[in-house]
Every structure is written in structure tokens, then in C-alpha cells.
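Below you'll find the structure, written out as C-alpha cells, and then a few comments.
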Amino acid sequence: MPDVFGMIMNDAMKGDEAVHIIERDDGYCHKSPGSQYVADFADWQEGQRHASVEVHGRILDIGCGAGRVGLHFQELGHEVVGIDISEVAVEISRERGLTNVYLMSADSLEFKEGKFETVLLFGNNFGILGDEDRIVNMLKRIHAITSPDGVVLAESRDVTATDKPEHLAYHEKNRKQGRPIGLVTLRLKYQDEVSDWFNLRMAGPEEMSAIAKRAGWKLERTYGPRELFVGVLKKA
24 MPDVFGMIMN
34 DAMKGDEAVH
44 IIERDDGYCH
54 KSPGSQYVAD
64 FADWQEGQRH
74 ASVEVHGRIL
84 DIGCGAGRVG
94 LHFQELGHEV
104 VGIDISEVAV
114 EISRERGLTN
124 VYLMSADSLE
134 FKEGKFETVL
144 LFGNNFGILG
154 DEDRIVNMLK
164 RIHAITSPDG
174 VVLAESRDVT
184 ATDKPEHLAY
194 HEKNRKQGRP
204 IGLVTLRLKY
214 QDEVSDWFNL
224 RMAGPEEMSA
234 IAKRAGWKLE
244 RTYGPRELFV
254 GVLKKA
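Per the working numbering, residue 24 is the first one in the sequence shown, and the count goes up by one each step.
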């Protein structure tokens with residue numbers, strides 16, 4: 024299967040708008056610009072910009088993509104490590120100047136205990152693993168590889184902050200199937216290529232708090248609107 028996400032980032036890095044389609048498994052589609060993956064700080068989402076005041080020390084950027092976030096903080100003097108499951112993303116991040124970037128899944132964070140002070144899950148990456156137990160295990164591992172004053176900045180969406188019939192219908196379908204209403208199955212379409220289906224868990228602040236609590240974290244505050252916010256997780 025082609026690395027569609029990598030293709031999008033590669034074209035965006037070259038200055039292309041790289042507009043692609045995100046398709047949900049009920050047929051709902053929307054267009055999204057790839058340029059967001061290389062955006063300057065001034066063009067970041069509101070929650071990301073405001074939550075950046077919480078960043079301190081050594082940083083792990085999970086799902087680093089084209090290095091948008093990692094490069095910003097590296098330029099500010101932070102030691103940054105980026106990881107991604109896309110080989111193309113890793114190559115692009117290196118080409119753009121991110122010093123430490125590795126091909127690695129959020130499922131297997133192979134770092135020594137206490138290595139980082141800040142872990143970033145920007146880009147709606149709180150639920151990047153889809154399944155709640157996998158997310159909890161990721162957060163437990165993050166707990167181990169962060170310092171006592173470690174912080175996780177985790178971005179997600181509150182799916183209840185909508186009145187669109189197509190989304191409400193999807194929530195109801197999830198309820199009937201015994202799934203969390205914020206669990207979505209998606210794939211990317213770009214040019215003539217289509218990615219595999221993948222699951223993404225979206226969680227409002229209350230759900231994020233409950234999930235994080237299972238892994239020894241507490242949600243201290245949020246930045247940005249509920250539609251797309253960044254939660255600040257600190258050790259309980």
C-alpha cells in the first residue's frame with residue numbers, strides 16, 4: 024500500500040497545496056490541505072499555539088510528520104526527538120533539518136526512562152492508535168520515559184460539539200455497535216492513490232481525562248475550542 028500521507032507531505036514541502044480527501048467509512052468525505060503539515064507557527068491551530076507555553080526541556084514529538092512542530096522548538100533551543108511510522112515523513116523531517124528523527128510507532132516507544140520533559144501529540148494525535156487500551160498503554164509508556172515534572176500536550180476533538188446530521192448519525196451508529204462515539208474509521212485519498220483504512224479515537228476533555236487517569240495522568244487544563252483542543256496532562 025502506498026504511503027499516501029508521505030506523498031501529501033512531500034508535495035506540501037515543495038509548495039503545493041496538496042489538497043486531499045479524508046473519507047470516513049460511512050462515505051462522508053471532506054477536503055483537507057496538505058499545506059497545514061508545513062505551516063509556520065503563526066498558522067498553527069489555536070490550541071497548539073497557546074499550549075506551546077507549557078513546553079519545557081527535552082521534547083518527544085509523536086507523529087512528527089514533516090517536522091513542522093519539532094523544527095519550531097528545535098529552533099528555540101530545545102532538544103527534540105521526532106518519530107513517525109511514515110518512512111517518507113522521517114526522510115522529509117531530516118531533509119528539513121530536524122536533527123533526531125526515527126521510524127517508530129507510538130505503540131513501541133523505545134527510549135530510556137525519564138528522558139523527556141515534554142511529549143507532543145499534536146495533529147489530533149491523542150487517539151492516533153484508535154483502540155482505547157492501546158492509547159492507555161502508550162500513555163503508560165510515556166509516563167515511564169518522562170521526568171517527574173513531565174507534561175503531555177495532547178490534541179483531540181470533542182465530537183459532541185457539532186449539530187451536523189451526518190456526524191450525529193455516525194455517533195448513533197457507533198452507539199448501536201457498542202463503540203465510543205468518537206471512534207472513526209478513515210482513509211486518505213490523494214491523486215490516484217488510496218491509503219488503508221485506519222481508526223482514530225477522538226475524545227472531548229472529559230473522555231481524555233478519564234483515559235489519561237488510567238495511565239497515571241491528570242488533565243490540568245485545555246487550550247483552544249472543544250472542536251479541536253489541546254489537553255495538558257501532568258503526572259497524578
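Just so it is clear, CB atoms sit at the ideal spot from N, CA and C, and this is done for glycine as well. Owing to the predicted nature of the structure, the values given are computational and were not obtained by experimental measurement.
Query                                                                                                                          : Result
Segment limits, beta strand (DSSP E) that includes residue 244                                                                 : 240-246
Nonlocal neighbours in the same chain, by C-beta distance under 8 Å from residue 14, ignoring five residues either side        : The question about residue 14 has no answer here: the residues shown for the chain are numbered 24 through 259.
Supposed close pair residue 78, residue 141 - CB separation, criterion 8 Å                                                     : 5 Å
Enclosing alpha helix (DSSP H) for residue 116 [first to last residue]                                                         : 110-119
Start and end residues, alpha helix (DSSP H) containing residue 199                                                            : 188-199
Cutoff 8 Å; reference residue 259; Cβ partners in own chain excluding five residues on either side                             : 236, 239, 240, 241
Residues of its chain near residue 104, where Cβ-Cβ distance is below 6 Å and the 5 sequence neighbours each way are ignored   : 83, 123
Spatial distance of residue 176 from residue 162 (CA atoms)                                                                    : 12 Å
Start and end residues, alpha helix (DSSP H) containing residue 228                                                            : 228-236
Straight-line gap, residue 215 to residue 154 (C-alpha atoms, nearest Å)                                                       : 29 Å
CB contact flag (residue 199, residue 43, <8 Å)                                                                                : no
Cut-off 6 Å between Cβ atoms - residues of its own chain near residue 56, not counting five sequence neighbours on either side : 40, 42
Contacting residues, own chain, Cβ-Cβ under 7 Å from residue 94 (five flanking each side not counted)                          : 119, 120, 121
Spatially closest choice to residue 229 from 218, 112, 125, 255, by CA coordinates                                             : 255
Selected residue, minimal CA-CA separation from residue 149, among 193, 130, 189                                               : 130
Rounded C-alpha distance that separates residue 29 from residue 69                                                             : 25 Å
Inter-residue CB distance, residue 73 and residue 246 (contact presumed, cutoff 8 Å)                                           : 4 Å
Residue 52 versus residue 33 - alpha carbon distance                                                                           : 22 Å
Close-in-space but distant-in-sequence residues of the same chain around residue 127 (CB under 6 Å, 5 per side omitted)        : 106
Per-residue DSSP class, three states only, for residue 162                                                                     : helix
Which of helix, strand or coil DSSP assigns to residue 73                                                                      : helix
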